[in-house]
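There are 2 protein chains.
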Amino acid sequence: MKQITIGMFGFGNVGHGLYDVLEKIQSKNVRIKTICIKHPEKDRGVVANFTNNPDDIFNDPEINLIAELIDNADEAYTIVKRALNQHIPVVSGNKKMLAHHLNELIELQKQTNTALLYDASACGSIPVIRNLEEYYDNDLLVSVKGILNGSSNFILSKIFNESMDYPKALKLAQDLGFAESNPTLDIDGYDSVFKLIIITIHAFGCYVAPEDIFTYGISSMNDYDIKFAHEKERRIKLVAHVEKLESGEIIMSVMPHLISRNKYIYSVEDEFNGVVIKGQFYYKQFMFGRGAGGHPTGSAVLSDITACLYDYKYEYKKLNSDHKVKHTNNHDVRIYLRYSTDSDLALFSFKEIYERYDSRDNKYVVGLISLADLLRINEEIRHRKLFLSVFPYD
Amino acid sequence: MKQITIGMFGFGNVGHGLYDVLEKIQSKNVRIKTICIKHPEKDRGVVANFTNNPDDIFNDPEINLIAELIDNADEAYTIVKRALNQHIPVVSGNKKMLAHHLNELIELQKQTNTALLYDASACGSIPVIRNLEEYYDNDLLVSVKGILNGSSNFILSKIFNESMDYPKALKLAQDLGFAESNPTLDIDGYDSVFKLIIITIHAFGCYVAPEDIFTYGISSMNDYDIKFAHEKERRIKLVAHVEKLESGEIIMSVMPHLISRNKYIYSVEDEFNGVVIKGQFYYKQFMFGRGAGGHPTGSAVLSDITACLYDYKYEYKKLNSDHKVKHTNNHDVRIYLRYSTDSDLALFSFKEIYERYDSRDNKYVVGLISLADLLRINEEIRHRKLFLSVFPYD
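Protein chains in written order, with the working numbering: chain A, 1 to 394; chain B, 1 to 394.
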């Protein structure tokens with residue numbers, strides 16, 4: 001049996017989680033030899049060989065796998081590239097880095113014939129990438145829709161189930177270690193869109209850059225929005241969504257959705273993630289699991305590591321397929337928009353308005369608008385007192 | 001790209017489903033060349049090369065994959081063995097055959113270096129085997145628990161949600177094509193136990209024969225049982241369960257469970273299957289999808305077929321692991337038992353009785369009994385007017 005000797009970068013929540021999991025299972029095949037961190041002098045409460053010099057990992061001939069588990073996307077990119085160029089298989093948990101560089105890194109994997117695995121990056125402990133890659137590979141996929149961010153979902157759960165206010169819920173999420181070092185990544189949907197980009201490569205074989213996807217989070221949600229959801233007997237969830245239209249093009253977005261009770265993701269609570277994969281023939285699959293936290297994610301990283309033990313590589317079947325899929329934003333969605341002034345409303349090129357409410361304290365409309373029009377005003381609306389959410393017909 | 005030319009045995013619900021799916025996706029790599037059935041003269045409403053001579057498949061050098069999709073377990077066994085011996089990869093959907101012969105067929109795969117894939121057999125469209133094999137492979141698994149039979153679950157859903165009576169619900173399940181050709185396989189838990197055996201090989205690397213697993217279904221359930229469930233605010237579900245005890249041994253059973261509302265499988269309705277995989281570190285994963293029906297299962301068979309296209313084989317990692325796991329029935333479960341006479345009750349070696357109800361029309365107890373004691377009276381209780389269900393503590 002092949003031995004895996006790991007050089008690890010980073011010792012945050014996930015890195016520590018991986019360390020704990022390996023301690024606990026006492027694997028005979030897998031061990032962490034060296035951990036590279038910024039401040040090796042700091043006491044981490046564990047016995048390990050810490051360094052701040054990457055060469056201690058890269059120049060060690062015994063190390064045959066790199067686990068890249070740091071926060072900084074640029075540094076992560078450097079590490080992953082160097083590992084592949086040195087023909088050392090590498091496991092990464094950095095969604096931001098992957099979402100920006102996956103195209104290039106897929107090419108580099110091919111050139112170097114070296115594996116880069118990152119199932120842990122996309123949905124914590126749910127093996128969504130591997131399933132898309134290995135199982136849902138018959139060109140029958142219609143859509144992938146899910147709650148991909150544990151901390152924003154945790155906050156929404158506390159608000160909708162326990163009537164907790166927003167700042168208190170955010171604080172609690174951070175205290176419990178669910179929120180990333182930069183909470184706006186979670187709350188404003190960027191973490192979700194990075195994961196969606198990774199998922200879309202494997203689901204539809206199409207790389208789309210973050211700036212081409214309308215991404216909107218929950219940070220400006222207020223009590224009126226919560227009240228509107230209650231009135232409609234729905235809950236607000238932050239949903240990442242990719243869908244293949246009948247034209248063959250795909251649409252993508254990360255936005256709050258008003259979800260009705262009969263939907264699977266309505267019941268995804270707290271820090272959990274849930275993904276609904278819809279196919280032409282098997283209808284819907286739902287996968288559900290812990291999306292955040294050191295041990296679940298550490299355990300997911302270990303699954304990637306043991307896949308390396310068996311020389312597993314993603315085959316990027318869809319990306320290499322003849323049916324090339326294109327991304328479009330020319331698609332209309334029905335949204336709920338709560339706004340403050342007429343100039344806010346004027347920003348939005350609604351094609352149709354179905355519902356309109358206006359009082360001194362609160363104004364909203366329900367109307368139809370294209371993703372392209374939303375993307376166009378993406379920057380502008382972030383400085384205004386407003387909130388929007390998809391309001392699906394079902 | 002490798003071409004797959006299929007010789008198919010059987011053209012029932014699943015076979016027809018696979019045929020439809022292939023028609024629809026117009027695969028360039030996969031085609032069905034010959035279909036072997038008992039009565040090729042019967043009009044099937046499709047254009048295909050039908051035969052009743054297996055040699056037309058086995059002696060055709062162009063055919064490089066066999067899809068075994070017939071009902072009869074003995075004939076399925078003959079087909080699969082012959083395919084492996086002729087070094088032709090084979091995909092099978094026959095759980096009964098697999099549950100009885102998997103040990104031998106794993107050995108034969110090794111000897112012949114030829115793949116036998118059967119993900120479609122275990123949970124319809126949910127890729128549970130492949131996930132256990134590929135992802136949850138770090139010896140951290142605690143339990144796999146699920147609703148593995150679509151038609152019995154459909155019946156229970158109709159009874160609990162729509163107050164339909166039992167015979168009407170069964171008839172409806174059969175009319176909709178969810179029930180197998182022999183409904184007792186579904187209703188009495190045998191279909192579920194076959195799937196559980198297959199799952200357990202991949203989850204814990206341990207083969208256990210059907211006769212060593214206490215298997216009890218829902219055919220004797222009556223209105224008193226339904227009333228009891230309602231009183232306790234639970235629903236009755238037919239649950240297959242394998243769990244690793246702290247001793248390292250595993251327990252297995254297929255029995256009705258009184259499931260409380262906060263459990264994932266409480267909400268698995270109609271013909272759907274749902275599986276909860278519990279691990280030491282990632283807590284719980286829940287997978288959910290269509291467990292029955294021609295198209296979902298046909299699509300799952302196609303996933304096995306395209307896996308062959310990529311030369312995929314199960315590695316049986318757990319089975320080949322050094323940590324050998326043993327099966328035991330020395331484990332106590334709390335059950336609800338509705339019975340008719342004192343002699344019924346006397347059959348059960350309860351270690352403790354927590355609740356007892358006795359009226360002229362209805363008698364029940366809630367008590368603690370070992371799986372071994374249940375297995376011992378397995379045959380005897382089938383001829384009595386009684387019903388039992390696990391009554392979990394939570």
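The beta carbon of each residue, even a glycine, is placed where N, CA and C say it ideally should be.
Element boundaries [alpha helix (DSSP H), containing residue i]
{"i": "D20/A", "result": "N13 to I25"}
{"i": "C123/B", "result": "D119 to C123"}
{"i": "L407/B", "result": "Examination of residue 407/B is not possible in this model, given that chain B is present from 1 through 394 alone."}
{"i": "K145/B", "result": "Not the alpha helix (DSSP H): K145/B falls in the beta strand (DSSP E), residues L141 to I147."}
{"i": "N153/B", "result": "G150 to E162"}
{"i": "H101/B", "result": "K95 to T112"}
{"i": "S192/A", "result": "Y190 to F204"}
{"i": "I57/B", "result": "D55 to F58"}
{"i": "P167/B", "result": "Y166 to D175"}
{"i": "K227/A", "result": "D223 to E231"}
{"i": "R376/B", "result": "L371 to R376"}
{"i": "N131/A", "result": "V128 to E134"}
{"i": "I187/A", "result": "P183 to I187"}
Straight-line Cα distance separating residue j from residue i
{"i": "I197/A", "j": "F160/B", "result": "41 Å"}
{"i": "D225/B", "j": "A346/B", "result": "20 Å"}
{"i": "Y216/A", "j": "R234/B", "result": "40 Å"}
{"i": "E355/A", "j": "V365/A", "result": "5 Å"}
{"i": "F281/A", "j": "D322/A", "result": "21 Å"}
{"i": "L140/B", "j": "L386/B", "result": "38 Å"}
{"i": "M164/B", "j": "S157/B", "result": "9 Å"}
{"i": "I353/B", "j": "H295/B", "result": "47 Å"}
{"i": "N330/B", "j": "I187/B", "result": "26 Å"}
{"i": "Y316/A", "j": "F350/B", "result": "56 Å"}
{"i": "H100/B", "j": "V193/B", "result": "11 Å"}
{"i": "S359/A", "j": "N222/A", "result": "16 Å"}
{"i": "N59/B", "j": "S247/A", "result": "43 Å"}
{"i": "N85/B", "j": "F204/A", "result": "38 Å"}
{"i": "G289/B", "j": "N273/B", "result": "6 Å"}
{"i": "K110/B", "j": "V301/B", "result": "22 Å"}
{"i": "G177/B", "j": "H87/A", "result": "52 Å"}
{"i": "L374/B", "j": "I381/B", "result": "9 Å"}
{"i": "D71/A", "j": "I25/B", "result": "42 Å"}
Whole-number beta carbon distance between residue j and residue i, since they are thought to touch under 8 Å
{"i": "I57/B", "j": "G7/B", "result": "3 Å"}
{"i": "L309/B", "j": "R334/B", "result": "About 48 Å; that fails the 8 Å criterion."}
{"i": "I129/A", "j": "I199/A", "result": "7 Å"}
{"i": "M287/A", "j": "V275/A", "result": "5 Å"}
{"i": "I37/B", "j": "N52/B", "result": "6 Å"}
{"i": "I66/A", "j": "V30/A", "result": "About 13 Å; that fails the 8 Å criterion."}
{"i": "A307/B", "j": "G124/B", "result": "No, A307/B and G124/B are not in contact; Cβ-Cβ is about 16 Å, not under 8 Å."}
{"i": "M252/A", "j": "V242/A", "result": "5 Å"}
{"i": "D304/B", "j": "D191/B", "result": "Not a contact, Cβ separation roughly 19 Å."}
{"i": "N378/A", "j": "F154/A", "result": "26 Å between Cβ atoms; not a contact."}
{"i": "F11/A", "j": "R44/A", "result": "6 Å"}
{"i": "S92/A", "j": "A76/A", "result": "6 Å"}
{"i": "D332/A", "j": "S370/A", "result": "5 Å"}
Minimum C-alpha distance to residue i - residue among the options
{"i": "M255/B", "options": "R334/B, N59/B, V30/B and V390/B", "result": "V390/B"}
{"i": "L337/A", "options": "T328/A, N320/A and F348/A", "result": "F348/A"}
{"i": "K244/B", "options": "N153/B, A292/B, Y166/B and K145/B", "result": "K145/B"}
{"i": "L388/B", "options": "D332/B, I218/B, G291/B and N262/B", "result": "I218/B"}
{"i": "P54/A", "options": "Q26/A, E68/A, V46/A and V47/A", "result": "E68/A"}
{"i": "M97/B", "options": "V80/B, S340/B and Q26/B", "result": "V80/B"}
{"i": "L326/B", "options": "D212/B, Y357/B, D270/B and D74/B", "result": "Inspection of the sequence shows that residue 326/B is occupied by Lys rather than by Leu. It is D212/B."}
{"i": "Y207/A", "options": "Q285/A, R44/A, L102/A and Y135/A", "result": "L102/A"}
{"i": "K313/B", "options": "T5/B, K42/B and L117/B", "result": "L117/B"}
{"i": "S143/A", "options": "K318/A, K284/A and N149/A", "result": "K284/A"}
{"i": "P392/A", "options": "L105/A, G150/A, D344/A and K232/A", "result": "K232/A"}
{"i": "T5/A", "options": "V14/A, P61/A and A83/A", "result": "P61/A"}
{"i": "Y135/A", "options": "P127/B, T78/B and A122/B", "result": "P127/B"}
Enclosing beta strand (DSSP E) for residue i [first to last residue]
{"i": "L238/B", "result": "R234 to K244"}
{"i": "R384/B", "result": "Premise fails: R384/B is in no beta strand (DSSP E) and is neither H nor E."}
{"i": "F50/A", "result": "N49 to T51"}
{"i": "K28/A", "result": "No beta strand (DSSP E) holds K28/A; DSSP gives it neither H nor E."}
Taking the runs of the alpha helix (DSSP H) that are 4 residues or longer, which of them lie wholly in the region 290-363 of chain A? If only uninterrupted alpha helix (DSSP H) runs of at least 4 residues are considered, those enclosed by the region 290-363 of chain A are 294-309 and 342-347.
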